[in-house]
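Structure first, then comments.
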Amino acid sequence: MLFQRLYEDEIAQASYLIGCQETGGAIVVDPSRDVSRYLAAAEDQRLRITHVVETHIHADFLSGSRELARRASASLLLSAHGGAQWQYGFIAEATALRDGDRFDVGRVRFEVKHTPGHTPEHLALLVTDTATAPEPMGVLSGDAVFVSDVGRPDLLVRTRGQGTGGGGDDREAVAELEAAARALFQTVQRFRTLPGHLQLWPGHGAGSACGKALGAVPQSTIGYETRFNWAFGVRDETAFIASVLEGQPEPPRYFARMKRMNRDGPPTVAPRLNATALAPETFPVLQRGGVVVIDTRSPKAFAAGHLPGTLNVPLDTSFVTRAGSLLPDEAIVALLVEGGASASPCAVRALSLIGVDDIHGVFDATALDWQRAHGGLTVIRQIAPEDVADEGGAHVIDVRGASEWAEGHLPGAIHVPLPELADRLNELPPGPLVLHCQGGSRSVIATSLLLAAGRDDVANMDGGYAAWQRAGLPVTGPAREGHSP
């Protein structure tokens, strides 16, 4: 048996190529949008992809399963579970998998386990190399169980307001959250019964928003996780429900769109993985035409001077999740990248993973020089923590996550986490605003969004909450939430 993990650093996501070298067949598990890498990997190993399978309907990236199955002339395998709302809209194109089903790829056998909680339709797959042993050697756990963590059960409910469907009041939402967490508890108990020697191959690593404390180690064992994963240490169902729902990070805004697209049928069009260079003087015309320009430089460089109306999304490990939270659906995008078009493929490919394909082109740093000579650059006003009180009644907006807010915040601050800001601009009060995060970088990103939306009465608190604490200024517990839990 051949086993290869293919990892997308931009979204902390793992796909797997598993092949039978005796027969030459192979399966790909949870492929991302860039299907060419799986075709190339199989070719390098002299294998032919005969099967493509998904563990669940993904929220954090656009699935490549449908496209890969088409291009490889492979069988597509999808979960039959999930109920009417969360069943694949293109299930007729696939073989529907149910709990207890088995299928073979050459001499490699897969046994299907329905493992709901993270999502209603979620599957895990036990893997047996029958050429060497009659018993499984590992389990592909998808987003059910990670190294050191488990999949979050709150995504469907928390993204519903972004258009995933449904409705209902707070009591209904709480009931749905508890039901999903209860299902996840039962899934954890099912994993607990598996042999301890089994390898655990999860769908994500550290940095993914599909959990709250994922480990950075690429794989583990059932035995290790049952001993040291916090979820296996909570034996009481009620305590587990409370623990797994507490402190989950805000889901990025684009998760709702990914869920819908992956459920209903992701587009089977190859993404564009490069972009053309743009002349600096085209900037005003593109902006008037509705093109969203993303400046990928550091927050510090952006704050010191940037093209008016542009969004700051630094090209780092959070680039995809932050861009997906700030960009409107169906956005036409241009990038400003130090080094220009030759340095942009990483950003273009990263955006393609979440279906942002309409990349008009790329500016380099000469666009800043051109704008400086033709109207000037926009500078973000920085305010020291000690001077916030002198801002004439300015409202303080805290864009940190819920867990950070709960640990302490500025008295009277309004809490609007960065992933929610684009959808809640109309909730912000009139008058001057001072934004802050923990260290000052996320709040620059948030300030860029407000400036692009036409708010010119905004400033950034230099150094963020950490600088506020270092200055010995007063803090308080959660006293003024700007949103419902």
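Going by my numbering, the residue at position 431 of the sequence shown is 449; the numbering climbs one at a time, nothing skipped. Note that beta-carbon positions come from the ideal geometry of N, C-alpha and C, so glycine has one too. All figures in this text were calculated on a predicted structure; none of them were measured in a lab.
Check	Outcome
Rounded separation between Arg176 and Asp408 - CA only	37 angstroms
Sufficient close CB pairs (3 or more, under 8 angstroms) joining the segment 160-171 to the segment 245-261	yes
Chain D within 8 angstroms of Gly82, Cβ atoms only	Protein chain content of the structure displayed is limited to a single chain, and chain D is not contained in it.
Val2 versus Gly42 - alpha carbon distance	The question about residue 2 has no answer here: the residues shown for the chain are numbered 19 through 503.
Start-end ranges of the beta strand (DSSP E) lying completely within the segment 320-392, minimum 3 residues	351-354 and 377-381
Proximity to Gln63 [Cα-Cα], best of Phe21, Arg89 and Ile75	Phe21
Exposure of Glu438, with buried meaning 16 or more beta-carbon neighbours within 10 Å	buried
Rounded C-alpha distance that separates Gln389 from His454	28 angstroms
Exposure of Gly186, with buried meaning 16 or more beta-carbon neighbours within 10 Å	With a pLDDT of 45 at Gly186, under the threshold of 50, the modelled position of this residue cannot be trusted, and the question is left open.
Cβ-based burial, His215 [other Cβ within 10 Å; buried from 16]	exposed
Cβ pair count under 8 angstroms reaching 3, the segment 61-78 against the segment 29-38	yes
Assumed close pair Arg208, Thr133 - CB separation to whole angstroms, cut-off 8 angstroms	7 angstroms
Terminal residues of the alpha helix (DSSP H) in which Asn280 lies	Phe273 to Asp282
Where Tyr34 falls: helix, strand or coil (DSSP)	strand
Cβ shell of Thr396 (< 6 angstroms), same chain only, five flanking positions each side left out	His324 and Pro326
Minimum C-alpha distance to Asp347 - residue among Glu153, Met276, Glu26 and His427	Met276
Through-space distance from Ala77 to Gly426, alpha-carbon basis	30 angstroms
Lys318 - DSSP class collapsed to helix/strand/coil	helix
Contacting residues, own chain, Cβ-Cβ under 6 angstroms from Val493 (five flanking each side not counted)	Gly426
Cβ contact check for the segment 303-310 and the segment 344-359: 3 or more pairs under 8 angstroms	yes
Stretch pair the segment 364-383 + the segment 439-451: three plus CB contacts closer than 8 angstroms	no
C-beta contact flag for Gly160 and Pro267 at 8 angstroms	no
Reduced DSSP category for Pro236 - H, G, I as helix; E, B as strand; rest coil	coil
Endpoints, the alpha helix (DSSP H) within which Phe209 is located	Asp188 to Arg210
Buried or exposed by the 16-neighbour rule on C-beta atoms within 10 Å, applied to Gln204	exposed
Endpoints, alpha helix (DSSP H) assigned at Val434	Unbroken run through Val434: none, as it is neither H nor E.
Start and end residues, beta strand (DSSP E) containing Tyr25	Leu20 to Glu26
Start-to-end residues for the alpha helix (DSSP H) that takes in Phe258	Glu255 to Leu263
Anticipated Cβ contact below 8 angstroms, Ile401 with Met279, distance rounded	With a Cβ gap of about 41 angstroms, Ile401 and Met279 do not count as contacting.
Cβ neighbour criterion (16 or more within 10 Å) applied to Asn330	buried
Beta-carbon proximity check, Val476 vs Leu469, cutoff 8 angstroms	yes
Buried versus exposed call for Gly6 [16 or more other C-beta atoms within 10 Å across all chains shown]	For the chain, the structure presents residues 19 to 503; residue 6 sits outside this window and is missing.
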